[in-house]
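Trainee: Going by UniProt numbering, the first residue of the sequence shown is number 1, and it counts up by one from there. Glycine residues also receive a C-beta, built at the ideal position from the N, C-alpha and C atoms. Model, not experiment: these values are computed from the prediction. Supplied in C-alpha cells, the structure appears directly below.
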Amino acid sequence: MRPGAGVTIAGYNIVGGLLYVGTQLAAPSGYTVDPALINPTLPVDLRQPDWGGQGLDYWPSYSDIPSQSRAAYLAWLADGRRFAQVPIGYVFLYFYGLERRVLYDLQRDRSSAAFELPIIHQEVRRLLSIYGGHKAFKRYVGQFEHVLDMFTAEPSAKAPAPTRDFPPPLRLRAGLGAFAAQGVPVPADWALTWIRSHPEYYPRTPATRCAAEFDALFLQRFAARYGKGLFVRPGRKEVTLDYRPASAGFRGVAELTLPGIPDVLGYAAPTRKLAALADECTSDLEAYSRYLGRVPDGQRSVQAQALLPTELVNLSGGGAGQAIAWARHRLGTQELAVVPVGEFSAFISAPQEAKPAKKDVVAMAQVLGRAGIGIEPDPRLGGAVPTSGSMVLFAAPDGPTAAASDAYQAATLLLHLAAAVSAADGEFDKSEQRHLSDHLERALHLTADERRRLHAHLRWLTVTPVKLTGLTRRIAGIDAAQRQYVAEFLTAVAGADGRISPDEVKTLTKIYRLLELDPALLPATTKPAPATEPVVVRPAQPERGYAIPQQAEQTVAPPVRLDEAAIAAKLAETARVGALLGSIFTEDEPPPVAALLPAAAPMAGLDGQHSGLVRELASAEQISRAQFEQLAARWKLLPDGALDRINEAAYELAGEPLLDGDDPIWVDRNLLGEMLT
1 MRPGAGVTIA
11 GYNIVGGLLY
21 VGTQLAAPSG
31 YTVDPALINP
41 TLPVDLRQPD
51 WGGQGLDYWP
61 SYSDIPSQSR
71 AAYLAWLADG
81 RRFAQVPIGY
91 VFLYFYGLER
101 RVLYDLQRDR
111 SSAAFELPII
121 HQEVRRLLSI
131 YGGHKAFKRY
141 VGQFEHVLDM
151 FTAEPSAKAP
161 APTRDFPPPL
171 RLRAGLGAFA
181 AQGVPVPADW
191 ALTWIRSHPE
201 YYPRTPATRC
211 AAEFDALFLQ
221 RFAARYGKGL
231 FVRPGRKEVT
241 LDYRPASAGF
251 RGVAELTLPG
261 IPDVLGYAAP
271 TRKLAALADE
281 CTSDLEAYSR
291 YLGRVPDGQR
301 SVQAQALLPT
311 ELVNLSGGGA
321 GQAIAWARHR
331 LGTQELAVVP
341 VGEFSAFISA
351 PQEAKPAKKD
361 VVAMAQVLGR
371 AGIGIEPDPR
381 LGGAVPTSGS
391 MVLFAAPDGP
401 TAAASDAYQA
411 ATLLLHLAAA
421 VSAADGEFDK
431 SEQRHLSDHL
441 ERALHLTADE
451 RRRLHAHLRW
461 LTVTPVKLTG
471 LTRRIAGIDA
481 AQRQYVAEFL
491 TAVAGADGRI
501 SPDEVKTLTK
511 IYRLLELDPA
521 LLPATTKPAP
531 ATEPVVVRPA
541 QPERGYAIPQ
551 QAEQTVAPPV
561 RLDEAAIAAK
571 LAETARVGAL
581 LGSIFTEDEP
591 PPVAALLPAA
601 APMAGLDGQH
611 SGLVRELASA
621 EQISRAQFEQ
631 LAARWKLLPD
641 GALDRINEAA
651 YELAGEPLLD
661 GDDPIWVDRN
671 LLGEMLT
C-alpha cells in the first residue's frame, strides 16, 4: 500500500499505508510467504487480543502467528502504530515490511523511490523515538537508518555530525560520493566531517580539547584554500554495505550497492590534503590548548586570546575586547598616549599579584597589536617589563611587531644611552633627544613602523627615570677597545649625513665622558665635509681616537647626501653594537668580556651554541627532522640533546616547549618571540 492509503481488515480501519495486504507475496528469499504480508482471509480473534505477545516467536510472521496475536497487531496498526507498551514483536512485524520495500522492491523498480524513501525514513525515525528503548530494535533500526541515508543522500544536504564510529556512517560515504558523481565540490562542512570521521585520522589533543576552535579554524582555512569546495575525481569503487535484515524473509546478509556513487571516503589523495590542513590547524592551536590545560576557564582572557590564530581572534569580545576598548579610549586621536602601568596590567594580572609576568605583558602586546596599537616598553623587542610608573601607547597601523631589527635595537639603546648621560647631568633636553631620535631614524634606515615605535620609546624615556644604578660599574665591565668602538659607531651615525650639529656634539660629549673617553677626540667643527668614499666604522687595526675629515676649502657647500656605502658598512655592525650596549644596560652584572660578543649571544638561559640554533629558527613555523639535524650539526650539537635543552629553557621561561613533534618539528612562534627578547 502506498503511503497514506487506507484499508479495513477484520473490522479495523487502518490508515497510513506502508503495509503489504494480500493473499500471495513471496519473501525475497523465495522460500516462504513474506512475514510482513497481511492476509485478510486468515482468522482474527477479536474477543481475545494477545496484548502480552505470548503467541509471538523471535521471527514472527503474520501468516504463522495465532489469531489472537493478529487481532492485537491489527488493533495496534489501527491505533496509529504508536502505543508505547505494545510487545516489540508487533513493531518488528511492521518494520519487516519497511525493510522489504526499501531493500527489495524499490531496488527493482525505482520509479517511486524518490517519493517513498523520505516518507519511510520519517516513519522509521518516528518508530525509533517511541520504541528506541528496546536495544534489539534500536540496533536494527539504526542500521536501517544508515541504509536510508545511503539511498537518500543529496549533495545539497547538511553534513552529518562527525563521529568516530566504525565503519563511518553510510550517509557520510554516500553524500561524499554523490558530490564526486555529480561533479560538485565537497563543501567545508562535509570536508570537516570527512576528516574528523576518517578511521585513519587520529586527532591530537588541541583538536579535542578545543573542538569548537578547531572546527571554526578548519572551516575558515578550508574556504580560503579551496573556495567553494574540494573537487574529488570519482573512482570505480562504489559505496557498498553488508546489511543484516531483521526480517527472516531475506535469510542472511543483504549486500547493497549504491549504483554510480563512488566510495571516496577512502581515497588517499584528498584525505591527505584534509589531514594536512587539520594538522596545520591543530598545531596553530597548541599554545592555546596548553594554556586551557592549565587554566580551563580562561577562554575569554587576554592571555588565551593572544594565543589564538589570527582568524579566531575576536577583537570586540572577552578580555581582548575590553583591553582594546581601553587602549583606543586612552589613545583617542593622538599618535601617542602616556598611561599608568597599573591600568595596563589590570587586564592581565589578578588583584593579588604584585606585578604582571613577562609572558602576560607579551600576550597583552600581541592583542593590542592586532588592533593596530603598540606599547613601549615592549618586552618582545628587548624592552623592560613595565611594573610601575608610566608606559606609552602608540598607533601601529601596520599591525603586530614580529621582532626587532638590529638597526632598531641599536637605535633604542643609543637613545637610551643619550638619555642616561642627560640624566646624569640632571638635565633632559627634549629637543636634543628628539633631534637624536630623528637622526637615528634616517641614519639607520628604520622602517615606518620602527620610526613610530622609536618616537614612543623616546616619549617613554621622557616620563621614566633612567636607572643609573651601577651604570658606571657596568661600563667598566667592557674593555677600553669596546668603549671606543661604541663611541666611534655613535659618532659615525651622527656624521652619516655629512654634518654633526651642535646638539649632537653636546650629546656625544656627554657619552664620551660616560664611556671614560676624551671628548677632545670629537671633531672640532660641526660641519665636516661629506665622505667621498665608504667609511669603515672600525678598521681591522684601529688607532686610538677618531677624527672627522677636515673641511675642504670651498665657497659653496655642495648638497648633502647620505653616503649609502658608509651606511651599509654601519648597518653591518649594528648587531654587535646592540650586544655591547645591551650588556651595559642589563640589570644583572655581566661577566667580564674578553672580546666582542659572538654573533650567537646567549639568550633565555641558553649558551651561545643553543642560542644560535634557536635564532636560526626565527622565520620557521615548522622544520623537517633532517633540516634540524643539519642545524644542530652546524652548531656542533647533538639533535636530541639540543631539543631537550632548548625545551628546558622554554619551560623555565614560559612553562611550554618551544619545539614539538618528531617530523616535522613545529616551532611555537609566540614563545619564540618571547625567547628572542
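Tell me which residues share the same chain as P397 and place their Cβ nearer than 8 Å to its Cβ, disregarding the 5 neighbours each side in the sequence.
Mentor: Hits under 8 Å: G372.
Trainee: What is the DSSP secondary structure of M1, reduced to helix, strand or coil?
Mentor: Coil at M1, not helix or strand.
Trainee: Between the Cα of E674 and those of L461, A306, A188, spot the shortest distance and give me the residue it belongs to.
Mentor: The residue with the shortest Cα to Cα distance from E674 is A306.
Trainee: Ignore the nearest five residues each way along the sequence and tell me which others in A557's own chain have a CB closer than 7 Å to its CB.
Mentor: No answer about A557 holds up, because its pLDDT of 37 lies below 50 and its placement is not dependable.
Trainee: Between P168 and L258, is the Cβ-Cβ spacing less than 8 Å?
Mentor: No. Outside cutoff.
Trainee: Do three or more CB pairs link the segment 203-216 to the segment 226-238 at distances below 8 Å?
Mentor: No, they do not touch.
Trainee: For N670, name the three-state secondary structure that DSSP assigns.
Mentor: The answer is helix: DSSP assigns N670 an H, G or I state.
Trainee: So is P43 buried or exposed if we call it buried at 16+ other beta carbons inside 10 Å?
Mentor: Under this definition P43 is an exposed residue.
Trainee: Near G17, which residues of its chain fall below 8 Å by C-beta distance, leaving aside the five closest residues on each side in sequence?
Mentor: Counting only Cβ-Cβ distances below 8 Å, and skipping sequence neighbours, we find M1, R2, P3, G4, A5, G6.
Trainee: With a threshold of 16 other CB atoms inside 10 Å of the CB of D640, please say whether the residue is buried or exposed.
Mentor: Counting Cβ neighbours within 10 Å, D640 comes out exposed, since fewer than 16 surround it.
Trainee: DSSP state of Q622, grouped into three classes?
Mentor: Of the three classes helix, strand and coil, the one that applies to Q622 here is strand, per DSSP.
Trainee: Can you tell which of R300, R328, R330 has the C-alpha that lies nearest to the C-alpha of G317?
Mentor: Answer by Cα proximity: R300.
Trainee: Of the residues L315, G383, K510, E488, which one's Cα is nearest the Cα of R453?
Mentor: The residue with the shortest Cα to Cα distance from R453 is G383.
Trainee: Can you give me the start and stop residues for the alpha helix (DSSP H) that Y226 sits inside?
Mentor: Run containing Y226: 211-226, per the alpha helix (DSSP H) assignment.
Trainee: With a 10 Å radius around its C-beta and 16 neighbouring C-beta atoms as the bar for buried, classify T555 as buried or exposed.
Mentor: Caution applies to T555, whose pLDDT of 41 falls short of 50 and renders its modelled position unreliable; the value that the coordinates give is listed next. Under this definition T555 is an exposed residue.
Trainee: Measure from the alpha carbon of F628 to the alpha carbon of each residue in L517, G661, P187, then state which is nearest.
Mentor: For F628, the nearest C-alpha among the options comes from G661.
Trainee: Who are the Cβ neighbours of A223 in its own chain at under 7 Å, not counting the five residues just before and after it?
Mentor: Here the set comprises A188.
Trainee: Classify R294: buried if its beta carbon has 16 or more other beta carbons within 10 angstroms, exposed otherwise.
Mentor: With fewer than 16 Cβ atoms within 10 Å of its Cβ, R294 is classed as exposed.
Trainee: Does DSSP put I9 in a helix, in a strand, or in coil?
Mentor: Here I9 sits in strand by DSSP.
Trainee: Quick one: Cα of A84 to Cα of L93, how far?
Mentor: In a straight line, the C-alpha of A84 is about 15 Å away from that of L93.
Trainee: Please classify P558: does DSSP put it in a helix, a strand, or coil?
Mentor: Note that P558 scores a pLDDT of 41, beneath 50, so its modelled location is shaky; the value from the coordinates is reported in the next line. P558: coil per DSSP, three-state reduction.
Trainee: Which partner residues does residue 682 have in the DSSP bridge list?
Mentor: Since the first residue shown for the chain is 1 and the last is 677, residue 682 is missing from the structure and cannot be characterised.
Trainee: DSSP on Y243, reduced to helix/strand/coil?
Mentor: Three-state DSSP puts Y243 in a strand.
Trainee: Look up V338 in the DSSP assignment and say whether it is helix, strand or coil.
Mentor: Looking at V338 - three-state DSSP - the assignment turns out to be strand.
Trainee: Within 10 Å of its beta-carbon, does E255 have 16 or more other beta-carbons around it, so buried, or fewer, so exposed?
Mentor: E255 should be labelled exposed.
Trainee: The beta strand (DSSP E) with T282 in it runs from where to where?
Mentor: Looking at the DSSP string, T282 is not in any beta strand (DSSP E); the run it does join, the alpha helix (DSSP H), is 268-284.
Trainee: How big is the Cα-Cα spacing for R100 and P664?
Mentor: Spanning the two alpha carbons is a distance of roughly 53 Å.
Trainee: With C-beta atoms as the reference, is Y512 less than 8 Å away from P519?
Mentor: Cβ atoms of Y512 and P519: closer than 8 Å.
Trainee: Here's a check: name, in chain order, each residue in its chain whose Cβ is nearer than 7 Å to the Cβ of M191, leaving out the five neighbours to either side.
Mentor: Correcting the residue identity first, residue 191 is Ala in this sequence and not Met. F222, L230, L274.
Trainee: With DSSP as the reference, label H121 as helix, strand or coil.
Mentor: Three-state DSSP puts H121 in a helix.
Trainee: For G97, is the classification buried or exposed, using 16 other Cβ atoms within 10 angstroms of its Cβ as the cut-off for buried?
Mentor: By the 10 Å Cβ count, G97 comes out buried.
Trainee: Let me know the secondary structure DSSP gives F115 once reduced to three states.
Mentor: DSSP places F115 in helix when its eight states are reduced to three.
Trainee: Tell me the DSSP bridge mates of W500?
Mentor: Correcting the residue type first, residue 500 is Ile in the shown sequence and not Trp. Paired residue(s): none; I500 is not in a bridge.
Trainee: Go ahead and pull the three-state DSSP assignment for V463.
Mentor: Three-state result, V463: helix.
Trainee: Could you tell me the distance, in whole angstroms, from the CA atom of G389 to the CA atom of G369?
Mentor: Cα-Cα distance, rounded: 22 Å.
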